[in-house]
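Structure record follows, encoded as structure tokens.
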Amino acid sequence: MNGEVLAFWVLAVGLVGSALNVVLSKNLFHSVLWLAAALVGTAGIFIALDAEFLGAVQVLLYAGGVITVVVFAIVVTERLVGERLSQTSRRILGGAVVAVGVLAMVLNVIRRSGIDMPRPEMTADITKWMGISLLTQFLLPFELLGVLLLAGLLAATYFARPEE
Amino acid sequence: MPLSAYLSLAAVLFSIGLFGVITRRNTVGILLGVELMLNAVNINFVAFSRFHGTALGMIFTLFAICITVAEIALGLALVILLFRMRRTSTADHIDWLKG
Amino acid sequence: MNPVTLAILALLLPAGAFLLIGVLAPLRRSGRPAAFLSIAAVATSLAAAIRTWQLASGSVEPIRAAWNWLPGANGPLATVGVLIDPQSSLMLILVTLVATLVQIYSLEYLHDEPPAAFGRYYAYHSLFVFSMMGVVLSPNLLQLFVCWELVGVCSYLLIGFWYRKPEAARAALKAFWTTKAGDVGLLIGIVLLYRLAGTWDILELEHMVKGGTLATAGLGVITFCLYLGAMGKSAQFPLHVWLPDAMEGPTPVSALIHAATMVTAGVYLLVRTEFLFHQTPQVLLLVGWIGGITALLAAIMACVQTDIKKVLAYSTVSQLGYMMTAVGAGFAGAGFLHLLTHGVFKALLFLGAGAVIHAVHSNEMHDMGGLFKRMPQVATVFIIGTLSLAGVPAFAGFISKEEVLGATLAGGLTGPFVMLLTGAFLTAFYMSKVVFLVFFAAPAAPGHAHGHTHDDGHHGHHGDPPFLMAGPLWILAIAAIVIGVYSTFFHHAEPEFASPGWLTPVAVAMGLAGIVGAYLTYQTRTISADTLASVFAPIRVAAVNKFWLDDLYLFIYRHILLAFARLIGWTDRYIVDGVLNVISAWTLDGGDALRRIQTGRVGDYIFAVAAGLLVLMLWMRGTL
Amino acid sequence: MNGFVLAPTAPLGLEIGLGLLMLVVLSMGLFRPSTPNRLTGWVALIGLLVLTGVAFAVTPGGSLFAGSFQVDALAVFAKRLFLVSAAISVLATLGMSSDRFAKRGSEYHFAVLASLLGMLVLSSARELILLFVSFELMSIPLYFLTGFLKKDETAGEGALKFFLVGSVSSAILLYGISFIFGATGTTNIAAIAIAMASGSVFVKLGLVLTFAGIGFKIAAVPFHMWVPDTYEAASTPFVAWLSVAPKAAGFIVIFRLYLEGAGSTAMVWVPLVSAMAAVTIIAGNLMAIPQKNVKRMLAYSGVAHIGYLLMGFAAVSASGTGMILFYLVAYLFGNMGAFLCVQAVGSAEHSDDFDAYKGLAQRSPVLALSLLVFLLSLGGIPFVAGFWAKLFIFRAIIDQHMYGLALIGAMATIVALYYYLVLSARMYIEKPDNPQPVPIAAPLLVAILLCAVGVVVMGAYPEPWVRAVMDAANGLF
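Residue numbers (my numbering), protein chains in the order written: chain P, 1 to 164; chain L, 1001 to 1099; chain U, 2001 to 2624; chain Z, 3001 to 3477.
Given below as structure tokens:
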């Protein structure tokens, strides 16, 4: 068992565990923290897949940014209502059936696909290539992303701002 | 590890997220489920990308992460708005519109 | 401008006027401005039509322009466009000319209508002119049919113009349903034709017939169906019953629609599709015989009418019979010629009669008499119209009637020929009767004077009508004379057939005999009208009762149709409705049940999305 | 700046123009925050009209970024459709009485234009990353626009539901795209088409997931449940646009992915799409019947219309595809027009219930007649646009011998007529409670009349439209 395999299994178990906690925890705040753990775990998977840059983005943007925003939102709403946000689940059976059904279908496809190709050697600096292609081949989506973030930001501030 | 291991892990995470969005009563909880699903997708992209020997999937992931950030900010703002008007963030109680 | 542009311009101007008047409520309610707009449009159309004719008569080939309307897999399913040849351009002139004059005439005639009704009248008129020109210019049978139906709608609206009057409303309905019966035949005919030929285009069809590529099997049914449509529209026996009733509409409407233009659409249709009818001689024979019967019966009925408009109405039916007989004899050109001249002088007669009615406020000839002194102009033009209709040389109807008679004889339709000849005598007789009774005979006793007054208007013009009414009359009268003189003395078109030398003297003699007979009976009273009536008593009784056709229809309607309708109604109420009620109850319940799925809870919506995804995956699992 | 520098970006002209317009609109809000005026709306409208004019002058051809952005016939057609619908919606918004559209007009119109930018790029996108980003750029402002009247009791609720269902669907869509990418190793649709010829299972899995994601956007049953709630909550001129443009965009994505990308594999989809079409038609029409609110009724009937469009897709033929485009144009005029009439009545009566329409024909004949024309078109009555649309769709699937589906569609049309006629009867037969004419703002009236003209002209003379859509569709086959 080499390092990559070991790392994968550790990360996988951690990821699935924290993901389950995200959806099962009774306390919303705990859920968010478990999500943060899952996101960091995902960053680990990225690094195991030689995508260090993405791993960094994942930790900084997601685990850092998103979680901060969520926590902030929870705190704001809790302050508004003055009590702890509880969170319960319903349709657990239905949800489980659908989720397991989808999982079974996808796993079945993965099993039958015979996709398992060998992992090629990394030949080039992926981060550099990503940087270059973002400003050449993917310039248009990159620009659109800017517009999208601006629109999302406008919308978020519009909704969150107390009425003037 | 083979590609199928990464894909399977992503599938499990995706299903957990799906379970979450279906069962959670709290709107923030539903959002967390969506995050899990998107996270699974990202693993899929990066894994495929790595095994195809291309960075295209990673670029895709980069875009996906950024879009997700915008989405979650918008979603939380909506939750706060609803909270301010209805004093609740429980999705099931937000049901004035129906039929 | 090229003829196509001109023709389309002529076509679209009245349509534009209709839309403007119809959509702009203030314009419609203002009355006169709407009228002026309509008149300006149709007068411009007239100018365009004349220019189109000038251009078209110079070209040998028909000019056809078509645009795709309904796209189909192999070429267009239907086209819209115009087909310009001498026939359509002449007909176009007739339609626009009479329409222009009638619209100007109506300004005065309907002077006392409220402005809103006035606007409505002109809106209908514009729509009518547009649709009629659509029929005339149509290059294919589908477009022709659509316009044909529109024309019928306009006729319905205009007959029922005084819709508060029960007779008018009933007459409008009668006209609508009778012509509709024919139209169903027409529709079946053109659908069958499409199945047979694969096209509705008149030129293409003609080309196919000439090239011999059109199958003749089943063509008889098609031409018969086409003829059914023509029969309804052109008031052929036994579907003619609607036309006399249609006189409930305003007189200018009768002049335009029920004399000069719309009723001739059936003849025009047959002229247009003559090449098809030539393939089916049996149907052609039927057309000829029915034409002859119509001509004679209607002439007889015209003799016994006392209402001046009814006389003219039966006269129109009779003349339509003449045209149809010529078509049936295989010489559509002769019928078409008579159509054109008849359009001019019959419009003249109707408008003249309208002027009389306008003055005396009655349709009954008893209430008139000795009017020559009071309204010499009207009397003069009316006499010109009568002489034309009687087929006196140097008047418009002379040559065309000769042609029709000659064509009938040449076509071997001896029976109808005799009927037409008798009809010619009767025509001259009843028209002269009108002239003598209305204009020359001593006025009837005052006690008779209050017959039922039909028309509107409160103050009578006891004298010649004002310029707006007299002008159109004179224009038509001059046209009738010019056409007559020109065709009698200068223009001897070589007919397609040879008529025997005795035909012209005999025909003229018949006409003159009719006039003399009427003179002796109604002017000098040498022959007592009562004696005449008793001699011809059986025919007279039959004619007064309209040959019991209305009674027959009433019987059929009461005893057969109503019983049938009751049966259908019963089935409808208890069986069809029952089934429908059950189905609709299920539908409503289903809707309500489904609506409950929409709980308003977003979790359920998400669940539906996820479950839908699972269903999709399960469905596709065979291929995954 | 000279032609040499600009020339390479020529295919992006419309998008760049729109971007500049967005800058202008946004900066007008920055420098005059919260000043009530409708200037931004007029600026946006004029800009949109100019861009629409340009779009109609554009001829297909040209591509950028190694073929990821391609201005083909379908793209040009779609861009025109998006621009026209957006212009009508913005025009109608100018007739809104709420001062929120004056105070926050800059943000509102910026969001409309941002979403429109997403649609414009989407119609040209032949590369998955670009497709996804533009799809999201289209979607996110829609959430904002739905909740724009945030002081209304229900606006936030409608937006939140739309957003939550939308983000779940978006995750599913992205998951699907990841499998399509994974099976082929490329994101270029042309290259995917080549790689897909082998028919990998991952492709099919990806297409299933993607279909669910797009199913949300086009509101096919069972992914449609957000539709009535969102439509009821949002401002009506926006709903008019929401009910048309994103649906059209969804179909453009379907064409790109399933017809261009999947090619012959698309045939696998026929049973699934037919079933979905049938279910969507039946459920949409049935659920529309018991509605008491006209906006909800139109929402459900809109769902049913998506079923007819899916029917056209099930035909998997050039004529089916073309007729979807024809249907979309007819639907654009008919549905937008109907919603705008709802806006006119709603702003006068403060109610969207059927009862508000009592005797409308006596109160405002033009409005009632327009609405009648729109309803007849939606119902598929002869000689209005919707009739040809339905007829052509039916013909396309009958050509493929799918008689059962055609029968279901035809029968559902009768059901649909029921509720359209119920509303028409309210307008024409019942007496009004209040005989005053309905006041209509001039821009709204112009927008309504534009739609009415579109419906009538398409109905009277469908030929040139059919030619246009067939030109756009033929490139895909």
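For each residue, glycine too, the CB sits at the ideal point set by N, CA and C.
Next on the checklist: Would residue 3274(Z) and residue 3223(Z) qualify as a contact pair, given that the criterion is a beta-carbon distance under 8 Å?
Outcome noted: no
Next on the checklist: Do residue 3137(Z) and residue 3117(Z) count as a contact pair if the criterion is CB distance below 8 Å?
Outcome noted: yes
Next on the checklist: Three or more C-beta pairs under 8 Å: does that hold for the stretch 2498-2518 of chain U against the stretch 2364-2372 of chain U?
Outcome noted: no
Checklist entry - What residue ranges within the stretch 3171-3204 of chain Z form continuous beta strand (DSSP E) runs of no fewer than 3 residues, ordered along the chain? => result none
Checklist entry - What alpha helix (DSSP H) runs, 4 residues minimum, are completely inside the stretch 2597-2624 of chain U? => result 2602-2619
Item to check | Extent of the continuous alpha helix (DSSP H) run through residue 2409(U) | outcome: 2396-2410
Item to check | Three-state class that DSSP yields for residue 2078(U) in the structure shown | outcome: strand
Checklist entry - Since residue 2993(Z) sits in a beta bridge, which residues does DSSP pair it with? => result This structure leaves residue 2993(Z) out entirely; chain Z is present only between 3001 and 3477.
Next on the checklist: Spatial neighbours of residue 2616(U) within its chain, please: C-beta separation below 8 Å, excluding the five flanking residues on both sides.
Outcome noted: none
Checklist entry - Once you ignore the five residues that flank residue 2388(U) on each side, which residues in its own chain have a CB closer than 6 Å to its CB? => result 2345, 2395, 2396, 2397 and 2480
Checklist entry - For the stretch 135-148 of chain P against the stretch 1010-1024 of chain L, are there 3 or more C-beta pairs whose distance is under 8 Å? => result no
Checklist entry - Contact check, residue 3282(Z) vs residue 3408(Z) under 8 Å by CB: the rounded distance? => result 7 Å
Checklist entry - In chain P, which residues lie less than 7 Å from residue 2608(U) when you measure between Cβ atoms? => result Within 7 Å Cβ-Cβ: nothing; residue 2608(U) doesn't reach chain P, min ~10 Å.
Next on the checklist: Contact criterion: CB-CB distance below 8 Å. Does residue 1097(L) meet it with respect to chain U?
Outcome noted: yes
Checklist entry - Does the beta-carbon of residue 125(P) have 16 or more other beta-carbons within 10 angstroms, so that it is buried, or is it exposed? => result exposed
Checklist entry - Roughly how many angstroms separate the alpha carbons of residue 2245(U) and residue 2337(U), rounded to a whole number? => result 27 Å
Item to check | Contact with chain L by residue 2600(U), beta-carbon distance below 8 Å | outcome: yes
Checklist entry - Among residues of its own chain, excluding the 5 on either side of residue 3467(Z), which ones have a beta-carbon nearer than 7 Å to its beta-carbon? => result none
Checklist entry - Alpha carbon to alpha carbon, what distance is there between residue 1066(L) and residue 61(P)? => result 8 Å
Next on the checklist: Against chain L, which members of the stretch 3146-3171 of chain Z pass a CB distance test of less than 8 Å?
Outcome noted: 3147, 3150, 3153, 3154, 3156, 3157, 3158, 3159, 3160, 3161, 3163, 3164, 3167, 3168, 3170 and 3171
Checklist entry - Considering only C-alpha positions, which residue in the set 2050(U), 2080(U), 2049(U) and 2051(U) is nearest to residue 2064(U)? => result 2080(U)
Item to check | The alpha helix (DSSP H) enclosing residue 3100(Z), as first and last residue numbers | outcome: 3100-3103
Item to check | Below-8 Å beta-carbon distance, residue 953(L) vs any chain P residue | outcome: Residue 953(L) falls outside the range modelled here, since chain L spans only 1001 to 1099, and no answer is possible.
Item to check | Residue-chain proximity (residue 2058(U), chain Z), Cβ-Cβ < 8 Å | outcome: no
Next on the checklist: Using a Cβ-Cβ distance cut-off of 8 Å, determine whether residue 1050(L) contacts chain P.
Outcome noted: yes
Checklist entry - chain L partners of residue 47(P), CB-CB under 7 Å? => result Residues of chain L passing the Cβ test: none, with the nearest at roughly 10 Å.
Item to check | Neighbourhood of residue 3377(Z) by C-beta distance below 6 Å, restricted to the same chain and skipping five residues each side | outcome: 3334, 3384, 3385, 3386 and 3455
Checklist entry - Do you know offhand how far residue 2447(U)'s Cα is from residue 2380(U)'s? => result Confidence at residue 2447(U) is low in this model, with a pLDDT of 42, below 50, so its placement is unreliable and no value can be given for it.
Checklist entry - Hey, does residue 1056(L) have any beta-carbon neighbour from chain Z nearer than 8 Å? => result yes
Next on the checklist: Looking at the secondary structure, which residues open and close the alpha helix (DSSP H) in which residue 3365(Z) lies?
Outcome noted: 3365-3379
Item to check | Cβ-Cβ distance between residue 2006(U) and residue 2044(U) below 8 Å | outcome: no
Checklist entry - What is the C-beta distance between residue 3246(Z) and residue 3204(Z), in whole angstroms, given that I count them as a contact (C-beta under 8 Å)? => result Wrong, their Cβ atoms sit about 26 Å apart, outside the cutoff.
Item to check | Same chain, Cβ closer than 6 Å to residue 2993(Z), neighbours up to 5 away in sequence not counted | outcome: Here chain Z has residues from 3001 to 3477 only, and residue 2993(Z) is not among them.
Item to check | Terminal residues of the alpha helix (DSSP H) in which residue 2200(U) lies | outcome: Counting along the chain, residue 2200(U) falls outside any alpha helix (DSSP H), and DSSP gives it neither H nor E.
Next on the checklist: According to DSSP, is residue 2030(U) part of a helix, a strand, or is it coil?
Outcome noted: helix
Item to check | Any C-beta of chain P under 8 Å from that of residue 3224(Z) | outcome: no
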